[in-house]
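Numbering (the working numbering), first residue to last: 937 to 1451.
Positions of the beta carbon are idealized from the N, C-alpha and C atoms, including for glycine.
From a predicted model like this one, the values you see are computed outputs, not experimental measurements.
Reading through the structure tokens given below for one structure.
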């Protein structure tokens, strides 16, 4: 049975480090209020800046096309370079009067597009390098994206005294992804599967889960755990190193016993190989690519169900700074770190379920998404309560579900439309994020401004600032849940009919051959 070798695990470690650094937009809520004051922009304009980072995903499909023709490490460098220019330009000219709102918007959109390039690299490495375990690898790697906000907040806490909050985060957002990309570039390559035993693969995944859970627990502790967090991020390197040592020892053993094996095989042995029909029924997925997706009803159910759930959760997280400020919370970074930590565990959950499930018994991705949307809808309605404990609880729930949906969706795209054009297909799907970010973000800003205007003030305070917004978002998430249930029913019905048809054709063929 073909399984990953040390080279594959090295690519997974590289993907993990890239994902950890590839969430610079997740720290926007921490410095958004200060940016609003420095550049004298309105709440509506601030919502457009939150949208700008997502707007880069409208051209994310370009990274999928590029990945077909150029090495993946070059694709990763392009993404990191976009972030370096986008956030670096804002850092250099933030204090300048010449840096206007539309400049910041375009630079943020460029950096947001760079995130798509790095994500594409990570997804393709995990899917292609781990075969049947690709879903586990994808969820495991993308779980670390949930730690980005925590990592950036911890790093900013170390260097904050020498600069303003906004400039500190912009500097980190610009340089950290490029530094990590340079460090992991040698590992970013596709490799052929080897004949390593599956038991070794499972043991390596189990070790990775233990390390990942320890990393997440460390992230929940607080910023004082930064050193421990960095150490835990480095520990996964031990897995490919150990496998490399094992491969070297096996090679030495094989060379040493080559003559002995040759002697044992000197006698002619005839082995009759029988063609045994497999009983395992594999689900054949129709390969759909590019603009063909737009003709599929399942795509639009998928598109809007994601927009009304995962994207809605991202909009909530982008507005956390203003939501916390309206409720009188002084430490916005605490709330952002909470959402980041629970988002991490949410992204990890699908990977653990896939690892634990027996072959052929893993739950459908569309069913998983529907199950995750329901508690998210409840969390939005829970936010109608003005108490801070409800704010923290809802943030944890929404962070968990949003992270899990984002992780599940990566595999769901391949499950629904095939893996051949995955790089393009998934980037077309995530174009719903900027569309939803614009619509839901503008709605929240408009209702916030209206509430503030009714009080004769530029800023709004109190639970009523977002009451109407949370009600609309909760109802929208309910609709998204229903759409995802419909998608699940359609995909399962089609799969059932397809399997029945294949079985009928096989029985018919066997009958004809016997005759």
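Cβ neighbour criterion (16 or more within 10 Å) applied to residue i
{"i": "residue 1094", "result": "exposed"}
{"i": "residue 1448", "result": "Reliability of the predicted coordinates at residue 1448 is poor, the pLDDT of 46 falling under 50, and no value is obtained from them."}
{"i": "residue 1322", "result": "exposed"}
{"i": "residue 1387", "result": "buried"}
{"i": "residue 1184", "result": "exposed"}
{"i": "residue 949", "result": "buried"}
{"i": "residue 1377", "result": "buried"}
{"i": "residue 1038", "result": "exposed"}
{"i": "residue 1170", "result": "exposed"}
{"i": "residue 1334", "result": "buried"}
{"i": "residue 1273", "result": "buried"}
{"i": "residue 1115", "result": "exposed"}
{"i": "residue 1019", "result": "buried"}
{"i": "residue 1176", "result": "buried"}
{"i": "residue 1361", "result": "buried"}
{"i": "residue 1024", "result": "buried"}
{"i": "residue 1213", "result": "Here residue 1213 scores only 42 on pLDDT, less than 50, and its place in the model should not be relied on; the value that follows carries that caveat. Exposed is the call here."}
Inter-residue spacing [alpha-carbon to alpha-carbon] between residue i and residue j
{"i": "residue 1033", "j": "residue 1375", "result": "30 Å"}
{"i": "residue 1354", "j": "residue 1067", "result": "14 Å"}
{"i": "residue 947", "j": "residue 1324", "result": "42 Å"}
{"i": "residue 1389", "j": "residue 1404", "result": "15 Å"}
{"i": "residue 1008", "j": "residue 1260", "result": "40 Å"}
{"i": "residue 1363", "j": "residue 1000", "result": "7 Å"}
{"i": "residue 1181", "j": "residue 1427", "result": "44 Å"}
{"i": "residue 1052", "j": "residue 1256", "result": "23 Å"}
{"i": "residue 1167", "j": "residue 1090", "result": "14 Å"}
{"i": "residue 1207", "j": "residue 1141", "result": "At residue 1207, the pLDDT of 45 sits below 50, so the modelled position is not reliable and the matter cannot be decided from this model."}
{"i": "residue 1327", "j": "residue 1316", "result": "10 Å"}
{"i": "residue 1153", "j": "residue 1110", "result": "27 Å"}
{"i": "residue 1338", "j": "residue 963", "result": "16 Å"}
{"i": "residue 1085", "j": "residue 957", "result": "9 Å"}
{"i": "residue 982", "j": "residue 1367", "result": "20 Å"}
{"i": "residue 1127", "j": "residue 1329", "result": "43 Å"}
{"i": "residue 1336", "j": "residue 1275", "result": "8 Å"}
{"i": "residue 1021", "j": "residue 1188", "result": "49 Å"}
{"i": "residue 1036", "j": "residue 975", "result": "8 Å"}
{"i": "residue 1108", "j": "residue 1030", "result": "14 Å"}
{"i": "residue 1219", "j": "residue 1347", "result": "With a pLDDT of only 47 at residue 1219, under 50, the local geometry of the prediction cannot be trusted, and the value read off the model is given with reservation. Between residue 1219 and residue 1347, the C-alpha separation is close to 15 Å."}
{"i": "residue 1371", "j": "residue 1146", "result": "37 Å"}
6 Å Cβ shell around residue i - same chain, five flanking residues per side excluded
{"i": "residue 1178", "result": "none"}
{"i": "residue 992", "result": "1045, 1048, 1049"}
{"i": "residue 1379", "result": "none"}
{"i": "residue 1246", "result": "1338, 1341, 1342"}
{"i": "residue 1088", "result": "963, 1108"}
{"i": "residue 1291", "result": "1072, 1141"}
{"i": "residue 1123", "result": "946, 947, 950"}
{"i": "residue 1061", "result": "947, 951"}
Rounded Cβ spacing between residue i and residue j (contact assumed at less than 8 Å)
{"i": "residue 1381", "j": "residue 1006", "result": "Actually they are not in contact, since the Cβ atoms of residue 1381 and residue 1006 sit about 39 Å apart, beyond 8 Å."}
{"i": "residue 1172", "j": "residue 960", "result": "Not quite, the Cβ-Cβ distance comes to about 22 Å (not below 8 Å), so this is no contact."}
{"i": "residue 1384", "j": "residue 1258", "result": "7 Å"}
{"i": "residue 1320", "j": "residue 1407", "result": "7 Å"}
{"i": "residue 1412", "j": "residue 1248", "result": "6 Å"}
{"i": "residue 1250", "j": "residue 1369", "result": "6 Å"}
{"i": "residue 1269", "j": "residue 1156", "result": "With a Cβ gap of about 14 Å, residue 1269 and residue 1156 do not count as contacting."}
Sequence-distant residues of its chain with Cβ nearer than 7 Å to residue i (five each side left out)
{"i": "residue 1262", "result": "1396, 1397, 1398, 1401, 1402"}
{"i": "residue 1420", "result": "1241, 1302, 1305, 1306, 1309"}
{"i": "residue 1079", "result": "1148, 1280, 1283, 1284, 1287, 1343"}
{"i": "residue 955", "result": "1058, 1077, 1078, 1080, 1081"}
{"i": "residue 1055", "result": "958"}
Cβ-based neighbour list, residue i, same chain, cut-off 8 Å, excluding 5 preceding and 5 following
{"i": "residue 1063", "result": "1070, 1073, 1074, 1350, 1355, 1358"}
Closer than 8 Å to chain B by CB, residue i
{"i": "residue 1379", "result": "No chain B is part of this structure, which consists of one protein chain only."}
Inset, instruction - Take every Cβ of the segment 965 to 977, pair it with every Cβ of the segment 1163 to 1180, and state whether three or more of those distances are shorter than 8 Å. - result: no
Legend entry - Inter-stretch contact at 8 Å, needing at least 3 Cβ pairs: the segment 1354 to 1373 / the segment 1298 to 1311: Note that the segment 1354 to 1373 does not touch the segment 1298 to 1311; fewer than 3 beta-carbon pairs, one per stretch, sit closer than 8 Å.
Inset, instruction - Decide if the segment 1357 to 1370 is in contact with the segment 1069 to 1087; the criterion is three or more beta carbon pairs, one per stretch, under 8 Å apart. - result: no
Inset, instruction - Would you check if the segment 1041 to 1050 and the segment 1336 to 1353 touch, i.e. whether three or more CB-CB distances between them fall below 8 Å? - result: no
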